[in-house]
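I have placed the structure first, in the form of structure tokens, so that the comments after it can refer back to it.
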Amino acid sequence: MARGDGMLNHDLLDEDKGPKDECGVFGVWAPGEEVAKLAYYGLFALQHRGQESAGIAASDGTRINVYKDMGLVSQVFDETTLNTLTGHIAVGHCRYSSMGSKKWSNAQPTLGATPEGGAVAMAHNGALTNKKDLAAKVRDLLGDKPAGEIAQGNDTDTALATALMGAQEDVSLFDAAMNLLPQLKGAFSFVFMDEHTLYAARDPYGVRPLVLGRLERGWVVASEQPALATVGASFIREVKPGELISIDEDGIRSEMFAEPNPAGCIFEYVYLARPDASINGRNVYESRVEMGRQLARENKADADVVIPVPESGTPAAVGFAEESGIPFAHGFVKNSYVGRTFIKPSQTLRQLGIRLKLNVQESVVRGKKVAVVDDSIVRGNTQRAIIRMLREAGAAEVHVKISSPPVKWPCFYGIDFASRAELIANGATIEEITKSVGADSLAFISEDGMIEATEQPRAKLCTACFTGEYPIDLPDQGITASRGCEPGPDAEYEDLVADDPAATTP
Ligand code: SF4
1 MARGDGMLNH DLLDEDKGPK DECGVFGVWA PGEEVAKLAY YGLFALQHRG
51 QESAGIAASD GTRINVYKDM GLVSQVFDET TLNTLTGHIA VGHCRYSSMG
101 SKKWSNAQPT LGATPEGGAV AMAHNGALTN KKDLAAKVRD LLGDKPAGEI
151 AQGNDTDTAL ATALMGAQED VSLFDAAMNL LPQLKGAFSF VFMDEHTLYA
201 ARDPYGVRPL VLGRLERGWV VASEQPALAT VGASFIREVK PGELISIDED
251 GIRSEMFAEP NPAGCIFEYV YLARPDASIN GRNVYESRVE MGRQLARENK
301 ADADVVIPVP ESGTPAAVGF AEESGIPFAH GFVKNSYVGR TFIKPSQTLR
351 QLGIRLKLNV QESVVRGKKV AVVDDSIVRG NTQRAIIRML REAGAAEVHV
401 KISSPPVKWP CFYGIDFASR AELIANGATI EEITKSVGAD SLAFISEDGM
451 IEATEQPRAK LCTACFTGEY PIDLPDQGIT ASRGCEPGPD AEYEDLVADD
501 PAATTP
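Below you can see the structure in the form of structure tokens.
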């Protein structure tokens, strides 16, 4: 189930880029340990959350050094680079650009000044929905003459937060964070540091995951629990929604900067998080298997074999096979290592599309009625290509089973979907989608079934990309939260999409 190359099944087809998490964050405070190497391996475990750039900042108590570049963690760092990042505190980041464009100056951790004249290095997973307000505040404070990373061309919400943290006067970094965090809207899981202290903060909705772990000689914070295990840390607890944690030689300190109002991202359970992660006490793999079982209960299948679209469709296919009693088999073999090359395929190879990354196991599907299980449909191009391959390999019938409801709305909280116009489920009936992807039948799990599988109360989840009910205000778009309400008129949301940075980032 490991996805070591960081490439998920929605990356199988270049023109069908799937949902992208904005980032993975990692922080460690551990005197006597090689903290940069801990951060490096921690980021490896989080590579699936962002593959465009990676960076690590480390402090030896007097000075912070940062190294970051475009590329996968393994491409950015080598032994020599890591050896320059000495000290007892480190913050690491792997990025996908859903807020701000894909360029070197937007790579994180972002470096800035503290109110006390030191340095702060920040790593962020999420998206701030009041970026316009924050930019105006930075202009008010700094005038039209930008400073720090903003002056160097960093146009992310993280750079704005870093600048606002440092622009306060006569306060400690902890107090500056306590002042700033309640002013930030949207989704944020921050890990940041000055020369002496590691900090972690999570938005009051807890949209993106963030966990705290213990090393024998220190502490670790990370986007997902498996990153703790990778560096030998034991899981202590999640960072609470609305909580700011600081860790230094005096131990760990926790303060609430806002009342918790949980609205965790349900798409973390469906696709984004590693299957071995647990979010709010619920194991992601078990959720996905249960989504498969529920899908089978809701949609009876007349099939000879159940196959997954690897990798992230696998747990749901396991559950679907178990519940339906139809045998499970691996109908595809994935060439995981293709994702590790930066060599562009030739024109001839490019035309092979998905076949460069996936082969059909012909003996499994020839002459069979095949139920193929995937976690979600975004544009539908991947499913169309997969169905064509199965038919060419001799499948008698292809029935597509999707373990999440149709994705119909954009995400403003850190996930880059296609624009609403590109979403295949936007305005199309199931029959039309079935015809478009070339399947014999197509079935989705119900919204209730998906939610039940997470074992989380509906009121504590964000389901906006499926329902259009946004739990957090979208002040940049002039929209207030609509959780529990009917979505607004389409025209209103079409305007949203037009402004949606996620819809326009590559
Ligand atoms: S809109 Fe969808 S992807 Fe975005 S936070 Fe909500 S559930 Fe997650």
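Just so you know, we're using full-length UniProt numbering here: the sequence shown kicks off at 1 and counts up by one.
We put the CB at the ideal spot given by N, CA and C, even for glycine.
6 Å CB neighbourhood of residue i in its chain, flanking five on each side removed
i	result
Ser278	Gln225
Gln152	Ser105
Thr114	Val120, Gly166, Leu173, Asp194
Arg288	Pro315, Ala316
Val306	Ala317, Phe320, Ala321, Ile326, Phe328, Ala371
Gly32	Arg217
Pro471	Ala263, Cys462, Ala481, Arg483
Where residue i falls: helix, strand or coil (DSSP)
i	result
Ile430	helix
Tyr285	helix
Lys334	strand
Val66	strand
Asp248	strand
Val407	coil
Ile424	coil
Glu392	helix
Asn125	strand
Ile279	strand
Glu397	strand
Ser74	helix
Leu461	strand
Ser324	helix
Ala167	coil
Ala45	helix
Gly264	strand
DSSP bridge partner residues for residue i (one or two, in chain order)
i	result
Glu243	Met256
Val25	His93
Val120	Gly112
Glu238	Val211
Asp374	Ile402
Asn359	Val333
Ala57	Val66, Val91
Ile307	Val372
Ser189	Asn125, Arg202
Trp219	Trp29, Arg214
Counted within 10 angstroms of its Cβ, other Cβ atoms place residue i as buried (16 or more) or exposed
i	result
His93	buried
Lys334	buried
Asp302	exposed
Asp144	exposed
Glu216	exposed
Pro182	exposed
Ala459	exposed
Gly117	exposed
Asn154	buried
Thr463	buried
Gln363	A small fix is needed here, since residue 363 is Ser in this sequence, not Gln. Exposed: under 16 other Cβ atoms inside 10 Å.
Asn9	With a pLDDT of 44 at Asn9, under the threshold of 50, the modelled position of that residue is not reliable, and no figure is offered here.
His88	buried
Asp416	buried
Same chain only: Cβ atoms within 7 Å of residue i, ignoring 5 sequence neighbours per side
i	result
Val73	Tyr40, Leu43, Phe44, Gln47, Ala54, Cys94
Gly380	Ile424, Ile433, Ser436, Val437
Thr158	Gln108, Thr110, Met122, His124
Leu141	Ala167
Ile252	Trp219, Ile245
Thr81	Tyr67
Gln383	Asp374, Ile377, Val400, Val437
Contacts around residue i, its chain only, beta-carbon distance under 8 Å, and the 5 residues preceding and following it disregarded
i	result
Pro487	Confidence at Pro487 is low in this model, with a pLDDT of 30, below 50, so the placement of that residue should be treated as unreliable; the coordinate-derived value is given next. Within the same chain, Pro487 has close Cβ partners Trp409, Thr467, Gly468, Glu469, Tyr493.
Beta carbon proximity, residue i to chain D, threshold 8 Å
i	result
His399	Reference to chain D is not applicable here, since this structure consists of a single protein chain.
Which residues have their C-beta within less than 5 Å of a heavy atom of the ligand ADP, listed in chain order?
-> Although the ligand ADP was asked about, the structure shown includes only the ligand SF4 as ligands.
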